[in-house]
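Below is one structure, written out as structure tokens, with a few remarks after it.
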Amino acid sequence: MISHHFHPRISLHFSLSLFLFLSLFLAATSALAADHLSNPLADPPQWKSLQKYQKTITHDEFERLLRTVYCSQGISDEFIRVDRDFACILMDRDAQTWFTLQFAKEGRRPQLGVRSWRTAQSLPRQKRQGALAGLRIALDPGHIGGEWAQMEERWFQVGDAPPVKEGEMTLQVARMLAPKLRALGAHVSFVRNKTEPVTPLRPDDLKEAARAVLRAGGTENPREDFDGPDDPLKDQTVRWQSEILFYRSSEIRHRARLVNARLRPDLVLCLHFNAEAWGDERNPTFIDKNHLHLLVNGTYLAPELAFDDERFEMVRRLLSRVSDEEIKIADKVAATMAHAMQLPPYQYTTGTVTPVGTSGYVYARNLVATRLYQCPVLYFEPYVMNNSEVFARIQAGDYEGTRSINGVERPSIYREYVDSVVKGLVEYYRGAR
Ligand SMILES: [Zn+2]
């Protein structure tokens, strides 16, 4: 099912792949050596690109977003200093160079013109053409699936039952969502529409970068390979590091380039299914817990703010003013999903998130995708795949109407997911336009 929206991606790949192969070795050697970047594939910060945000945000608004969403766990004045009329953000710690952001005067209407995406209120009024008329939505099915599902550790199997592959389930959700959103007037594009990576790179292309990561972590002479998925020291091998650089770093960074340079949507939906640790992929642990939550970008932790790229990307995201819009959309969609799924909110036990909004289901967290996509992003984490009821529903696949699951009549898990997302988006955009 390759749509017109999908085609531009192909040419982008060819041009980017050459660029990437050339820049990769530079990145692997110089970026980590120049330090202060979070990843050998990270783009160095472009501080000049923030000039367009001069005098677009007031002191109070900057402080509010900093303290409640992005740096809710605090920010050292080694990195950001907020004064009455301006803020200083560290660019280079060795040279001690700082970016100065001048604030707009209090009480002036905020200027929100410098961005590629549109809020619900700034969309053209086209009520007769549907609640989502004109809205550009990019669907980002999480993970890759197919032959990559085991490598990306989003695969488990019970006996002879068909294996659970999150990357294929999320693609099915995206393919079912697209026609429903289009029928409501939205322009829908796919960030991924097959069980293949978006990045042209493969783990073999990333071995030098993997060695650089291991060296930076203090491992000088790493083992090449590991002994299967249960090897406790697999993360200290070249193969494991090159694979994670492939399916996580390179893949998500390529998706971000596609989103920001080509698709330029008003909203990205990152589609996932959640799970609790399942242990052995061929003898997975099942648990009683089942829950739902949505993530938006925020909660940069102290070590993350120390990286030049993440600090820059945090400030860029704050200044582009996506937060209020994405939290409002997330709150509305979380409520319709929670109602349809009858799931409690996930309770984090780590200190890596901040509850935001009013639904109880939305948290701010610093993930690569929510940080790099330059528009509102909703990151969905419904259902625990290794809960036995959810597993039974996954095995049942998609179907019309309802079927008895553990004695209760339920719609297909895919339709429940899709229909509740659509309902939430319609409620939000109908109300806000
Ligand atoms: Zn996932």
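Per my numbering, residue 152 is the first one in the sequence shown, and the count goes up by one each step.
Using N, Cα and C, we set each Cβ at its ideal position, and we do this for glycine too.
Predicted model, so just to flag it, every value in this text is computed and none were measured.
Sixteen is the threshold: since fewer than 16 other Cβ atoms of the shown chains lie within 10 Å of the Cβ of Lys-199, the residue is exposed. Taken atom to atom, the span from the alpha-carbon of Lys-345 to that of Glu-298 is near 11 Å. Looking at the DSSP output, Lys-316 shares a beta bridge with Trp-306. The alpha helix (DSSP H) runs of length 4 or more contained entirely in the segment 314-354 are, from start to end of the chain, 317-334. Every beta strand (DSSP E) of 3 residues or more that sits fully in the segment 391-469 is shown, in chain order, as 418-422 and 443-448.
For Val-233, the enclosing beta strand (DSSP E) stretches over residues 231-233. In this structure, the CA atom of Val-535 is about 7 Å from the CA atom of His-442. Annotation: the continuous beta strand (DSSP E) that includes Met-242 extends over 237-243. Contact between Ile-545 and Val-309 does not hold, since their C-beta atoms are separated by about 10 Å, which reaches or exceeds 8 Å.
Tyr-568 and Gln-323 have their C-alpha atoms roughly 11 Å apart. Within the DSSP secondary-structure output, Ile-556 pairs in a beta bridge with Val-559. Proximity to Phe-341 across Asp-356, Glu-359 and Thr-321 peaks at Thr-321, based on C-alpha coordinates.
For Thr-450 and Leu-422, the gap between their C-alpha atoms comes out near 21 Å.
In this structure, the C-beta of Gly-293 approaches ligand 1 to less than 7 Å from one of its heavy atoms. Exclusion of the five residues before and after Arg-276 leaves Arg-584 as the residues of its chain whose Cβ lies within less than 7 Å of its Cβ. Cβ-Cβ distances below 7 Å link Ser-400 to Asn-190 and Leu-192 in the same chain, with the five nearest sequence neighbours on each side left out; the list follows chain order.
For Thr-270, no pairing in a beta bridge is given by DSSP.
In this structure, Met-492 sits near Ser-571, with a CB-CB distance shorter than 8 Å. In the DSSP assignment, Tyr-530 forms a beta bridge with Cys-421 and Leu-446. Taking the Cβ atoms as the reference, Val-220 lies roughly 5 Å from Ser-474, within the contact range of under 8 Å. For the 8 Å CB-CB criterion, Leu-420 and Leu-523 do not form a contact. DSSP places Asp-475 in the uninterrupted alpha helix (DSSP H) bounded by 474-492.
Pro-292 and Gly-258 do not touch by the CB rule: their CB atoms are close to 44 Å apart, not below 8 Å. Ala-289 is bridged by DSSP to Ser-340 and Val-419.
With the rule of 3 Cβ pairs closer than 8 Å, the segment 357-374 does not count as touching the segment 539-557. Residue side-chain check: His-423 places its Cβ nearer than 7 Å to a non-hydrogen atom of ligand 1.
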